[in-house]
Amino acid sequence: MEDPKIMKYFKEVETSNSMNDSNIQKKVNKDPASTIEIDSDLKIEKGALLIVEIGNKLCCPFPIIAKALLLYHRFMKVCPENKRKPDCIAAGVLSISIKLCDHDIKLKKIILEFYYSQNKKKFQEPATINQPSYKRLKKMNHNLVLIQYYIYNALSYNLECEIAHEIVLPYLAQLQATSDVDKSTVAYLCCTTMKLLSTFYFCRKCIQYTAKEIAMACLHFTFVSSGSEVHSFKAILKREIAAVEDLGKLNDIVDNMILVSDVSTLSIT
591 MEDPKIMKYF
601 KEVETSNSMN
611 DSNIQKKVNK
621 DPASTIEIDS
631 DLKIEKGALL
641 IVEIGNKLCC
651 PFPIIAKALL
661 LYHRFMKVCP
671 ENKRKPDCIA
681 AGVLSISIKL
691 CDHDIKLKKI
701 ILEFYYSQNK
711 KKFQEPATIN
721 QPSYKRLKKM
731 NHNLVLIQYY
741 IYNALSYNLE
751 CEIAHEIVLP
761 YLAQLQATSD
771 VDKSTVAYLC
781 CTTMKLLSTF
791 YFCRKCIQYT
801 AKEIAMACLH
811 FTFVSSGSEV
821 HSFKAILKRE
831 IAAVEDLGKL
841 NDIVDNMILV
851 SDVSTLSIT
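Each residue of the sequence shown is one higher than the last, beginning at 591 in our numbering.
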């Protein structure tokens, strides 16, 4: 049975690729008839946006950014009253995630990207910003290492980060390998599914579920959204979804995914 909320979201993405900011604002804040309520765990924090911004500038693969976001949300949950600036924690978890994924990005490059980003915002101009002095750079490097250890201790050195992307991607690869489906349809389904999945990690709600639960919710969305022309792929998803005991939880996760995906448009602009 088609979920009307999923189909409504899919239709909105189809016509505009994302909801217009003013429409989302009205939907979330101004429309008295709206039933949407945003709890605190669905709000997108500045630190999370910084991780995505700098991660993209560093050309980090998606697992690095997603795992950094998981670490960030877990840290903020156990240390909600920490006094450090969002960019410090963001730099800490991103550098830890880069290390966990064995990606070759030096601390200096991470530090400079955060430094340039914060100074551009401070001065509100695209003028070239001078690189910090050797002495200052050394101090920032030392501070970042201290922040890393602060995060390690706060998380009791539990840095396991399983992300739903690693479960969803093989299924999307099967969809892409389906020869009897129009390529534009395949590309559209994959892009929409990944957008919904990736933006969910922007909010703290993602740590309330396992990677498997998030992945199955995302595949449930894909199953409902895909048309009859992808019959063979839907048969694969149907078997997976049929094994899920709590379908209501999947629907709840999808509802949250859709809301965060919509609101993320406001946060990023």
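Even glycine gets a Cβ: it sits at the ideal position worked out from N, Cα and C.
Just so you know, these numbers come straight off a predicted model, no measurement behind them.
Determine the DSSP secondary structure at residue i, reduced to helix, strand or coil.
{"i": "isoleucine 753", "result": "coil"}
{"i": "isoleucine 641", "result": "helix"}
{"i": "valine 758", "result": "helix"}
{"i": "aspartate 842", "result": "helix"}
{"i": "threonine 768", "result": "coil"}
{"i": "leucine 727", "result": "helix"}
{"i": "cysteine 691", "result": "coil"}
{"i": "glutamate 830", "result": "helix"}
{"i": "asparagine 720", "result": "coil"}
{"i": "cysteine 816", "result": "What sits at residue 816 in the sequence shown is serine, not cysteine. Here serine 816 sits in coil by DSSP."}
{"i": "lysine 802", "result": "helix"}
{"i": "serine 746", "result": "coil"}
{"i": "serine 606", "result": "Confidence at serine 606 is low in this model, with a pLDDT of 41, below 50, so its placement is unreliable and no value can be given for it."}
{"i": "glutamate 703", "result": "helix"}
{"i": "lysine 696", "result": "coil"}
{"i": "aspartate 629", "result": "coil"}
{"i": "lysine 824", "result": "helix"}
{"i": "aspartate 852", "result": "helix"}
Near residue i, what residues of its chain come up, given a Cβ to Cβ distance below 6 Å and the 5 sequence neighbours on each side ignored?
{"i": "lysine 616", "result": "Confidence at lysine 616 is low in this model, with a pLDDT of 38, below 50, so its placement is unreliable and the value that follows should be read with caution. Excluding residues within five positions, none has a Cβ falling inside 6 Å."}
{"i": "alanine 744", "result": "Phe665, Val668, Cys669"}
{"i": "glutamine 647", "result": "A quick correction: the sequence has lysine, not glutamine, at residue 647. Only Glu703 meet the Cβ criterion."}
Output yes or no for whether 8 Å exceeds the beta carbon distance between residue i and residue j.
{"i": "leucine 702", "j": "glycine 645", "result": "no"}
{"i": "isoleucine 655", "j": "isoleucine 741", "result": "no"}
{"i": "leucine 827", "j": "phenylalanine 811", "result": "no"}
{"i": "lysine 667", "j": "isoleucine 797", "result": "yes"}
{"i": "leucine 632", "j": "valine 850", "result": "yes"}
{"i": "isoleucine 641", "j": "tyrosine 662", "result": "yes"}
{"i": "isoleucine 679", "j": "isoleucine 688", "result": "no"}
{"i": "alanine 801", "j": "alanine 832", "result": "no"}
{"i": "glycine 890", "j": "leucine 734", "result": "Since the first and last residues shown for the chain are 591 and 859, residue 890 lies out of range."}
{"i": "tyrosine 799", "j": "isoleucine 843", "result": "yes"}
{"i": "leucine 762", "j": "threonine 783", "result": "yes"}
{"i": "alanine 638", "j": "leucine 660", "result": "no"}
Looking only at its own chain, which residues have a Cβ that is under 8 Å from the Cβ of residue i, when we skip the five neighbours before and after it?
{"i": "threonine 625", "result": "In this prediction, threonine 625 scores a pLDDT of 45, lower than 50, which makes its location untrustworthy; no coordinate-derived value is stated."}
{"i": "cysteine 691", "result": "Pro651, Pro653, Ile654, Lys657"}
{"i": "methionine 730", "result": "Ile701, Tyr705, Pro722"}
{"i": "lysine 636", "result": "Pro676"}
Quickly, what does DSSP pair residue i with across the bridge? List them, please.
{"i": "isoleucine 634", "result": "Cys793"}
Within its chain, find whatever has a CB closer than 7 Å to the CB of residue i; leave out the 5 residues flanking it on each side and keep chain order.
{"i": "valine 834", "result": "Met806, Leu840"}
{"i": "phenylalanine 823", "result": "Gln764, Leu765, Thr768, Ser816"}
{"i": "serine 707", "result": "Glu643, Ile644"}
{"i": "leucine 736", "result": "none"}
{"i": "glutamate 803", "result": "Lys839, Ile843"}
For a cutoff of 8 Å on Cβ pairs, would you count residue i as touching chain D?
{"i": "lysine 698", "result": "Of the protein chains in this structure there is only one, and it is not chain D."}
Runs of alpha helix (DSSP H) wholly within the stretch 643 to 688 (minimum 4 residues, chain order):
Taken in chain order, the unbroken stretches of alpha helix (DSSP H) that lie wholly in the stretch 643 to 688 and span 4 residues or more are 652 to 668.
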